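Under the UniProt record's numbering, the residues of the sequence shown are numbered 1 to 127, in order.
Read through the structure below, which is laid out as structure tokens, and then see the notes.
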Amino acid sequence: MPAPIPNRVHYHKRDRELELGYPDGESHRLPIELLRVYSPSAEVQGHHPSEAVLQTGKRHVGLLDISQAGRYALKLHFDDGHDTGLYTWEYLHEMATHQQAWWENYLSRLERAGASRDPGVIQIHQV
């Protein structure tokens, strides 16, 4: 069954969240940081899962623009300059409905790498 197509897309600038509303009344708000760190672009995902690049320092990232790509996706233009990758309706719905798992996976990957969500932060580990 194909993912539903949102009939409403709204960027909440202050909260840095993208809201997707669906015809059946379902609604999801996705943090822009989550959208950025899981960008479907080759720059972030690579061409194979082993090539994925962990995104760090994206806690305060926002959006400059949103454009529709045909009838199947959104193109998000982030204020850190990233604007590649198309967010298909399926990808957005999967992220929205499994948001907690995606978020926990991201935080776990950051911790394992000794990295931070904050820009310009260097983690110091005791040896």
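Backbone N, C-alpha and C fix where the C-beta goes; we use that ideal spot for every residue, glycine too.
Note that this is a predicted model, so its numbers are computed, not measured.
- When the five nearest sequence neighbours on each side are left out, the beta carbons in the same chain lying within less than 7 Å of the beta carbon of A113 are those of L54, in order along the chain.
- Every unbroken stretch of the beta strand (DSSP E) spanning 3 or more residues and falling wholly within the region 34-75 is given here in chain order: 63-69.
- Within a 10 Å sphere around the beta-carbon of E104 sit fewer than 16 other beta-carbons, which makes this residue exposed.
- Here the C-alpha atom of H93 lies approximately 32 Å from the C-alpha atom of G120.
- Note on geometry: alpha-carbon atoms of P49 and H10 lie some 30 Å from one another.
- From the listed residues Y106, G46, D24, the smallest Cα separation to A3 is found for D24.
- Assigned with DSSP and collapsed to three states, E19 falls in strand.
- Partner residues in the beta bridge of R8, as assigned by DSSP, are G21.
- Under DSSP, no beta-bridge partner is assigned to L110.
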